[in-house]
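Chemist: Chains as they are written, first to last, in my numbering: chain A, 8 to 256; chain B, 799 to 1125.
By construction, the Cβ of each residue, glycine as well, lies at the ideal position given by its N, Cα and C atoms.
Since this is a predicted model, take the numbers as computed values, not measurements.
Below: one structure in structure tokens.
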Amino acid sequence: MTDAILSTHGITKSFGALKASDDITLDLRPGEIHAVIGPNGAGKSTLIGQISGSLAPDAGTVRFLGQDVTRETVRARAQRGLGRTFQISALAMEDTVLQNALLGALGASGRPWRFFGSALRNRPLRDRAEAALDRVGLGDVASVRTAELSHGQRRLLEVAVALTLDPKAFVMDEPMAGLGSEGSKQLTGFLDSLRTEAPILLVEHDMDAVFALADRISVLVYGRVIATGTVDEIRADPAVREAYLGDAA
Amino acid sequence: MTREAAVNAVILLLLVAVPGWALYADEPFTITLATRAVIFALAAVGLNIALGLGGLVSLGHAVYFGLGGYAMGVLASHAQNYTPLMEWPFVIEGTKSMPVIWLTAIVVSAIAALLIGLLALRTSGVYFIMITLAFGQMIYFFAISWPAYGGEDGLSIYVRNGFPGLNTLVPIQFYGLCLALLLIVLLFSALLARSPFGLALNAARQVPHRVETVGLDPVRLKLVALVISGAITGLAGALFADLNRFVSPTMLSWQMSGEIMVFVIIGGVARLFGPVAGAVIFVLLEHLLGGISEYWQVFLGIVLLLIVLSGKGGVIGMLAGRGRAHD
Ligand SMILES: Nc1ncnc2c1ncn2[C@@H]1O[C@H](COP(=O)(O)OP(=O)(O)OP(=O)(O)O)[C@@H](O)[C@H]1O
Ligand SMILES: [Mg+2]
């Protein structure tokens, strides 16, 4: 526990009578991919929201890099090095792919109050943005309007924007959703190499990807973690099979 | 050159050629109309920074326009009456110097925008519109009920304020001054849209949660946009009062706010020259149709409706096609 990069302790969150997070304690250690799986509506995105700061927990704490960040804003956590991707792509659709990546680079620079000089021609910003795009294979479409990208390309851009921040930990909400098998395979390969840079808390429905990538898996059902363990442990867990995996395992 | 750049160049050419012709043909009224259009354009370029880039539907930009007007009125009236503006704790004299008046107008409206923004930006959507409108009404009624500076009747200035090296009483010289300011602000606005700040603001309009996730504050970005926007509209207000040598609460009215917004919408939201095209068209319609019928605004309404329903992004959008400028 002590060397965890990111951890939650007894996170609880209710929406009216619905307990979307019920005493969730989990952690993310250096170099690992920790997958969070669970059926639709289990509370995965709600958990991510509380970790990244867009939702406040009713009880419990979130720790990041040794600090209690429970009361910190999304912005403060991002500045500390938390790189989040959204389940529903959050991109500036009217802007080009490059401009979206530049936004990340600008955030990483911490200096948005520059009113003169072209953002596109700013070398440091542009280098950082283009490097991130190249890494996910979007270098060729840098000047395309984001609205014209395929769904799969948007998912990749979502990851690229997080990359520009050089995060200390990634929190990804279903990055593979809607990618198709070819795209999933590619992104799986990429995330596999990414874990050495920063650990990844990965919410994902794609079981092939989860089993291929995860060092550990936590299973969330009705807001509760019913099991945490290695791939083999989770596959063998009877409660998990009943609640979620069914025949897939 | 893109089509939009060509359209912009034509507008620019008209702004030089028409008053130039009017000077040659000795038509001073045309120059006055052109001055009116250029000043309205300046006010709308200001609004376009909040509205087009920041997505802030401010229905209270008359506040800044009017404050700019009153900055001129108050300073110039004290100067013409030889009474100081204030004697304690230190003496502030009135002035007839345009640069000082402009600076005052800019600072006062920027401060107003900051205060209004701090409150209004806690909300969004319809509530934001309503709060900006409410502030406008508050200040409007304050101006009406405050007798020191003319109350409802407004303030008249006998002689237009001065600018070093120019005779501002000559219409074409005052026009040139206003046009120069408009061009400077257009240049600034073009640079702003391409700057790192512009990039972040542009994203804050579309996906504020994304902007937060990269460690930036979308609300603060919008606040700064509103301050810049208000300052520019305030500068326009000072010029407008100087054009008419008169300022009254009308400049602070919600109808004025609506008109500034109409300029932007007619011309094209988020288009660099949209506010200019919109203001020119408005002043033309006002002049041509206003002579025919008192109800000319009905025609304006129809024009506005057609433009909005066509969904092409204002007149600039119709002429230059779709697509945002900066890439
Ligand atoms: N803001 C909200 N207000 C009320 N209920 C909410 C809110 N957000 C989520 N919920 C509810 O909380 C539960 C958990 O939602 P959440 O989005 O976290 O699930 P999820 O595990 O991410 O599901 P999915 O796999 O479909 O993405 C759901 O029942 C959802 O309807
Ligand atoms: Mg979800």
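Between Ala1002 (chain B) and Gly866 (chain B), which are expected to be in contact by the criterion C-beta below 8 Å, what is the C-beta distance as a whole number of angstroms?
Modeler: Going by Cβ atoms, the distance from Ala1002 (chain B) to Gly866 (chain B) rounds to 26 Å, so no, they are not a contact pair.
Chemist: Below 8 Å on C-beta distance, what does Glu885 (chain B) contact in chain A?
Modeler: Those do not exist, as Glu885 (chain B) stays about 38 Å from chain A at its closest Cβ, beyond 8 Å.
Chemist: Mind checking the stretch 74-101 of chain A against chain B and listing, in chain order, the residues whose C-beta falls within less than 7 Å of any C-beta there?
Modeler: Result list: Val81, Arg82, Ala85, Gln86, Arg91, Ala97, Leu98, Ala99, Met100 and Glu101.
Chemist: Using a Cβ-Cβ cut-off of 6 Å (strictly less than) and excluding sequence neighbours within five positions of Glu891 (chain B), which residues of its own chain qualify?
Modeler: Hits under 6 Å: Pro882.
Chemist: Mapping DSSP to helix, strand and coil, what is Leu919 (chain B)?
Modeler: If DSSP states are grouped into helix, strand and coil, Leu919 (chain B) belongs with coil.
Chemist: Since Gly159 (chain A) contacts Gly185 (chain A) with CB under 8 Å, what's their CB separation in whole angstroms?
Modeler: Their Cβ separation, rounded to whole angstroms, is 7 Å, which keeps Gly159 (chain A) and Gly185 (chain A) in contact under 8 Å.
Chemist: CB of Ser61 (chain A) to nearest heavy atom of ligand 2: below 7 Å?
Modeler: No, the Cβ of Ser61 (chain A) stays beyond 7 Å of every heavy atom of ligand 2.
Chemist: What does DSSP give as the partner residue(s) for Ser28 (chain A) in the beta ladder?
Modeler: A:Lys20.
Chemist: Step through the CB atoms of chain B and report whether any lies within less than 8 Å of the CB of Asn47 (chain A).
Modeler: Output row for Asn47 (chain A): interface = no.
Chemist: Gly48 (chain A) to Ala848 (chain B), Cα distance in whole Å?
Modeler: Roughly 38 Å between the two C-alpha positions.
Chemist: Ignore the nearest five residues each way along the sequence and tell me which others in Ser1051 (chain B)'s own chain have a CB closer than 7 Å to its CB.
Modeler: Excluding residues within five positions, the ones whose Cβ falls inside 7 Å are Ala860 and Tyr938.
Chemist: Glu1057 (chain B): buried (16+ other C-beta within 10 angstroms of its C-beta) or exposed?
Modeler: It is buried - the Cβ of Glu1057 (chain B) has at least 16 other Cβ atoms within 10 Å.
Chemist: Helix, strand or coil for Ile95 (chain A), going by three-state DSSP, please let me know.
Modeler: The answer is coil: DSSP assigns Ile95 (chain A) none of H, G, I, E or B.
Chemist: As a quick check of your reading: which residues have a C-beta less than 5 Å from at least one non-hydrogen atom of ligand 1, in chain order?
Modeler: Here the residues come out as A:Phe22, A:Ala27, A:Asn47, A:Gly48, A:Ala49, A:Gly50, A:Lys51, A:Ser52 and A:Thr53.
Chemist: Whose C-alpha, out of A:Thr171, A:Ala167 and A:Val247, is nearest the C-alpha of Leu194 (chain A)?
Modeler: Checking every option, the nearest Cα to that of Leu194 (chain A) belongs to A:Ala167.
Chemist: Under 7 Å: does the beta carbon of Val1095 (chain B) sit that close to some heavy atom of ligand 2?
Modeler: Going by the sequence as given, residue 1095 (chain B) is Gln instead of Val. Flag unset: Cβ of Gln1095 (chain B) not near ligand 2.
Chemist: Does the beta-carbon of Asp180 (chain A), which I'm using as the reference point, lie nearer than 7 Å to any heavy atom of ligand 2?
Modeler: Checking the Cβ of Asp180 (chain A) against ligand 2 gives yes.
Chemist: Closer than 7 Å: is that where the CB of Gln57 (chain A) sits relative to any heavy atom of ligand 2?
Modeler: Flag unset: Cβ of Gln57 (chain A) not near ligand 2.
Chemist: For the candidate residues B:Gly850, B:Val924 and B:Gln1004, whose alpha-carbon lies nearest to that of Ser98 (chain A)?
Modeler: Rather than Ser, the amino acid found at residue 98 (chain A) in this sequence is Leu. Ranking the options by Cα distance to Leu98 (chain A), first place goes to B:Gln1004.
Chemist: For ligand 2, I want to know if Gln193 (chain A) counts as a neighbour, meaning its beta carbon is within less than 7 Å of at least one of the ligand's heavy atoms.
Modeler: Checking every heavy atom of ligand 2 against the Cβ of Gln193 (chain A), none is found closer than 7 Å.
Chemist: Only counting the same chain, and skipping five residues up and downstream in sequence, which positions put a Cβ closer than 6 Å to that of Ala243 (chain A)?
Modeler: Correct list: empty, nothing qualifies.
Chemist: Among A:Gly38, A:His16, A:Phe22 and A:Ala11, which has the Cα closest to the Cα of Ser200 (chain A)?
Modeler: The option with the nearest alpha carbon to Ser200 (chain A) is A:Gly38.
Chemist: Which residues bound the alpha helix (DSSP H) around Ser52 (chain A)?
Modeler: Per DSSP, Ser52 (chain A) belongs to the alpha helix (DSSP H) from Lys51 to Ser59.
Chemist: By the criterion of Cβ-Cβ separation under 9 Å, what are the contact partners of Pro131 (chain A) in chain B?
Modeler: Chain B residues near Pro131 (chain A): none, gap ~11 Å exceeds 9 Å.
Chemist: Per DSSP, what kind of secondary structure is Leu990 (chain B) in: helix, strand or coil?
Modeler: Leu990 (chain B): helix per DSSP, three-state reduction.
Chemist: Determine the extent of the alpha helix (DSSP H) in which Thr1011 (chain B) is found, giving its start and end residues.
Modeler: Thr1011 (chain B) -> alpha helix (DSSP H) spans Pro1006 to Thr1011.
Chemist: Shorter than 8 Å from the beta carbon of Leu1014 (chain B) to some beta carbon of chain A?
Modeler: Answer yes: the Cβ-Cβ gap between Leu1014 (chain B) and chain A drops below 8 Å somewhere.
Chemist: Could you please tell me which residues of the stretch 982-996 of chain B, in chain order, have their CB closer than 9 Å to any CB of chain A?
Modeler: Residues Phe986, Leu989, Leu990, Arg992, Ser993, Pro994, Phe995 and Gly996.
Chemist: Using a Cβ-based criterion (distance less than 7 Å to any ligand heavy atom), does Gln94 (chain A) qualify as near ligand 2?
Modeler: For ligand 2, at least one heavy atom lies less than 7 Å from the Cβ of Gln94 (chain A).
Chemist: For chain B, find out if any of its Cβ atoms is closer than 8 Å to the Cβ of Ala126 (chain A); answer yes or no.
Modeler: Judged by the 8 Å Cβ criterion, Ala126 (chain A) is in contact with chain B.
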